[in-house]
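So the protein lines, in turn, are chains A and B. Take -9 as the starting number for the first sequence in the numbering used here and just add one per residue. Take -9 as the starting number for the second sequence in the numbering used here and just add one per residue. Positions of the beta carbon are idealized from the N, C-alpha and C atoms, including for glycine. Here the structure comes first, spelled out in structure tokens, and everything after it is commentary.
Protein chains: 2
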Amino acid sequence: MEEYTQIFKTLSDPTRLRILRLLLDAGKELCVCELVDSLEEPQYNVSKHVTAMRAAGLLKSRKEGRWVYYSPRDTDGEFLKLLSLAVAAIPERHVKHDRAELRKRLKLRERGKCLTGVQKEHLLGKVSS
Amino acid sequence: MEEYTQIFKTLSDPTRLRILRLLLDAGKELCVCELVDSLEEPQYNVSKHVTAMRAAGLLKSRKEGRWVYYSPRDTDGEFLKLLSLAVAAIPERHVKHDRAELRKRLKLRERGKCLTGVQKEHLLGKVSS
DNA sequence: ATGATATATGCGTCTATGCGCAACTAAGCA
DNA sequence: TGCTTAGTTGCGCATAGACGCATATATCAT
């Protein structure tokens, strides 16, 4: 069962659950800096989380230039399909804020591409300089 | 989101996931000693896990004499309903053994009631005497 | 090449959690 | 009243995981 408990464990962290839900709602791949600005979590943290989710088989990634776009992995099995539906069924009020931040952030795209990094400087994970 | 991450965390342990799946498959409430003999996990361990699952809102319990019967809580919301379907969709080979042990154990019931405690003595959690 | 930028990762720390053991509660029975 | 039995709970240990910080990698621009 470890194959399945691993997936539940991955979703047992608020940041990771928010990431998956945001990606499911967005309907398009998002890069790390867009996730950072939407979730308002430090860059190194978001990066670690998406890496873990990718390892768990929940996300796939695509590198384009300096950017890495993440999206939900195609749900091959019935289990993952139903699990995604469950996550998508979390009432909207829990995800409203993240979605609003994402909408703002997506306005910075041009021709559908992300052209800049993290906008909220205090989320970079660097302290001085 | 903690309300939801808590549920995922609860299912991120193999024993707890097996308990839920077994209860979903059984279609009837099971007492602790029946779970112990089916899962072949120590009694105090199973007890702790079902207590945690009950606290997380996944199970309900009913006491009858010396026995406590557990069953999946009625899934009021869409989220829990889909989550239960996902757990029920875990391929059968992962739960075959537990189910076989449960089938054997249920033969000890009389008039639909459990009349005895843990049969596999080494799972009691007591060591000597 | 040099520097800037997007993302990833290694390390130390702190907290959370699962397990084994032992003691406890509660219900039935002699 | 005591003994047995089904289940629960508190404690200590060991491990796993999340975070912050610093640094590393990789790509692009000048």
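For the pair Met43/A and Arg99/B, the Cα-to-Cα distance works out to about 44 Å. Contacts with chain A at 8 Å (Cβ-Cβ) do not include Asp27/B. When the beta-carbon positions are compared, Arg89/A and Asp15/A come within less than 8 Å of each other. Residues Arg44, Val58, Tyr60 of the same chain have their beta carbon placed closer than 6 Å to that of Ser51/A, with the five preceding and five following residues left out of the count. Per the DSSP secondary-structure output, Glu54/B pairs in a beta bridge with Trp57/B. At least one CB atom of chain A sits nearer than 8 Å to the CB of Pro4/B. The Cβ of Thr106/A sits no closer than 8 Å to any Cβ of chain B. Per DSSP, the beta-bridge partners of Cys21/A are Tyr59/A. Neighbours of Met(-9)/B across chain A, judged by C-beta separation under 7 Å: Pro4, Leu7, Arg8, His84. By the 16-neighbour rule on beta-carbons within 10 angstroms, Asp66/B is exposed. Inclusion of Val26/A and Leu96/A in the CB contact set at 8 Å is not warranted, their separation being larger than that value. The CB of Leu73/B comes closer than 7 Å to the CB of Ala76 in chain A, given here in chain order.
Ranked by Cα distance from Thr41/B, the options Leu12/B, Arg6/B, Lys18/B are led by Arg6/B. The residues Asp27, in chain order, have a CB closer than 6 Å to that of Lys110/A in the same chain once the five nearest residues on each side in sequence are set aside. Under the criterion of beta carbons closer than 8 Å, Ala76/A and Ile(-3)/A do not qualify as touching, at roughly 12 Å.
Apart from sequence neighbours up to five positions away, the residues of its chain that approach Gly107/B with a beta-carbon distance below 7 Å are Cys23, ordered along the chain. The Cβ of Glu68/B sits closer than 8 Å to at least one Cβ of chain A. Following the DSSP letters along the chain, one finds Pro4/B inside the alpha helix (DSSP H) bounded by residues 4 to 16. DSSP links Leu49/B through a beta bridge to Pro62/B. Between Leu29/B and Arg8/B a beta carbon distance of about 6 Å is seen, short of the 8 Å cut, so the two are scored as contacting.
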